[in-house]
Amino acid sequence: MTAGPAGPEEGTDPRRHVTDYFRLERREIPPPAGQDGASAVVGRAPVDDHLRGPAGGMRTGGLLTSLDSLGGFTSGLAVLPQWIVTTSLMATVSELAHVGPLRIRADVVRRGRNAVVTSLDVVDEGAQDRHVAAATMTCAVLDPGAMTLEFTRPAHVAMADPQPGAPPPDEFFSIVPGGGAVTRMVLEDRLRNPWGILHGGAVAMLADEAACRAAVGCPGAAGPRGVAAGDVVLHYLRPVRVGPVEARCTVLGTRAGRTTVRVAIHDVGAEDRMVTAGAVTVLAV
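Per our numbering, the very first residue in the sequence shown carries number 1; after that it's consecutive.
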């Protein structure tokens with residue numbers, strides 16, 4: 001779930017730790033003068049080598065992390081002085097091989113009293129703006145409590161500097177090595193947002209990794225280079241607060257190199273409650 005923006009005065013800032021790993025730039029585009037409406041936000045993220053998966057582009061879980069960050073930021077600006085938490089994220093992926101950087105545009109399509117719906121589109125600037133993905137994100141509006149919500153408007157968050165030697169996403173998100181139908185993530189404090197809950201992008205990355213591991217053992221599921229996550233639907237049912245976190249997968253079927261995997265994510269330390277339900281299409285690449 002995405003929330004923010006306030007964080008500690010020093011040390012790792014949960015507003016930026018995950019977005020800095022993906023080097024996501026965010027720039028607010030206010031509505032035209034005299035028009036009432038929510039701002040759009042445009043993001044740009046390079047496809048660094050450590051982010052690339054078997055299909056040659058940014059792993060879908062990583063792409064969804066940037067979608068969650070950008071969409072959450074856009075939705076939050078639309079409801080100030082309140083803020084938001086992600087409740088669902090649905091992405092259709094049209095291209096798995098990327099040159100980069102990727103450019104993402106987020107637009108609020110509905111701003112209600114209790115929820116915000118945002119649409120996002122992704123293109124590959126390095127491939128003449130070839131379409132990469134389209135997504136729809138729903139956020140619940142919440143009272144930020146004592147959280148400080150202060151922005152210079154129009155807001156701009158610069159792209160972070162390159163990170164030589166950065167780990168791959170599964171290592172960055174503390175996903176335990178392994179295989180099979182169950183994949184575990186250690187809930188490190190650096191993966192929490194300012195409310196102390198697991199970043200929604202981390203959940204998406206876990207769903208990607210878990211679904212791919214579950215699909216590998218199915219006949220016809222893997223190609224010459226392996227597998228990669230494509231379309232993803234995630235419903236965030238409850239916040240992840242305790243950990244460890246387990247993604248439990250059920251392979252529903254494979255046809256023509258496309259494997260459909262149901263993913264149920266549980267917070268093991270919180271009485272094993274289910275926190276996210278979703279489905280991932282895994283492609284042979």
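Note that beta-carbon positions come from the ideal geometry of N, C-alpha and C, so glycine has one too.
This one's a predicted model, so the numbers in the text were calculated from it and none came from an experiment.
Assigned secondary structure, residue i (DSSP; H/G/I helix, E/B strand, else coil)
i: residue 275; result: strand
i: residue 90; result: strand
i: residue 254; result: strand
i: residue 119; result: strand
i: residue 191; result: helix
i: residue 107; result: strand
i: residue 59; result: coil
i: residue 18; result: helix
i: residue 148; result: coil
i: residue 113; result: coil
i: residue 210; result: helix
i: residue 96; result: coil
i: residue 85; result: strand
i: residue 33; result: coil
i: residue 141; result: strand
Those residues which DSSP pairs with residue i across a bridge
i: residue 77; result: According to DSSP, residue 77 bridges with nothing at all.
i: residue 27; result: 42, 156
i: residue 236; result: 276
i: residue 124; result: 102, 130
i: residue 227; result: 284
i: residue 218; result: Paired residue(s): none; residue 218 is not in a bridge.
i: residue 264; result: 248, 277
i: residue 135; result: 91, 120
i: residue 259; result: 254, 282
i: residue 270; result: The partner list for residue 270 (beta bridge, DSSP) is empty, contrary to what the question assumes.
i: residue 197; result: None, per the DSSP bridge assignment.
i: residue 52; result: 58
i: residue 70; result: Beta-bridge pairing links residue 70 to no other residue.
i: residue 166; result: In DSSP, residue 166 forms no bridge with anything.
Residue environment, residue i, which counts as buried when at least 16 other CB atoms sit within 10 Å
i: residue 63; result: buried
i: residue 131; result: exposed
i: residue 11; result: Legend: pLDDT at residue 11 = 40, less than 50; position of this residue unreliable, value from coordinates given subsequently. With fewer than 16 Cβ atoms within 10 Å of its Cβ, residue 11 is classed as exposed.
i: residue 274; result: exposed
i: residue 256; result: exposed
i: residue 148; result: exposed
i: residue 66; result: buried
i: residue 164; result: exposed
i: residue 37; result: exposed
i: residue 94; result: exposed
i: residue 150; result: exposed
i: residue 213; result: buried
i: residue 109; result: exposed
i: residue 112; result: exposed
i: residue 167; result: exposed
Start-to-end residues for the beta strand (DSSP E) that takes in residue i
i: residue 183; result: 182-185
N- and C-terminal bounds of the alpha helix (DSSP H) containing residue i
i: residue 172; result: 169-172
is_contact[residue i, chain C] using C-beta, thresh 8 Å
i: residue 248; result: In the structure shown, chain C does not exist; there is a single protein chain.
Between the region 218-231 and the region 154-170, can you find at least three pairs of beta-carbon atoms closer than 8 Å?
The region 154-170 is not in contact with the region 218-231.
Any 3 or more C-beta pairs closer than 8 Å across the region 159-166 and the region 88-95
Too few Cβ pairs lie closer than 8 Å, so no.
### Query
With contact counted as at least three CB pairs below 8 Å, one residue from each stretch, are the region 24-32 and the region 182-197 in contact?
The region 24-32 vs the region 182-197: no contact.
**Prompt:** Is there contact between the region 99-110 and the region 118-127, where contact requires at least three CB pairs shorter than 8 Å?
**Reply:** yes
Flag this pair as touching only if the region 54-61 and the region 103-121 have three or more C-beta atom pairs under 8 Å; answer yes or no.
-> no
How about the region 222-232 and the region 75-87: do they share at least three Cβ pairs that are nearer than 8 Å? no
### Query
Touch check for the region 176-189 and the region 45-53: three-plus C-beta pairs under 8 Å?
Flag = no, the region 176-189 and the region 45-53 do not touch.
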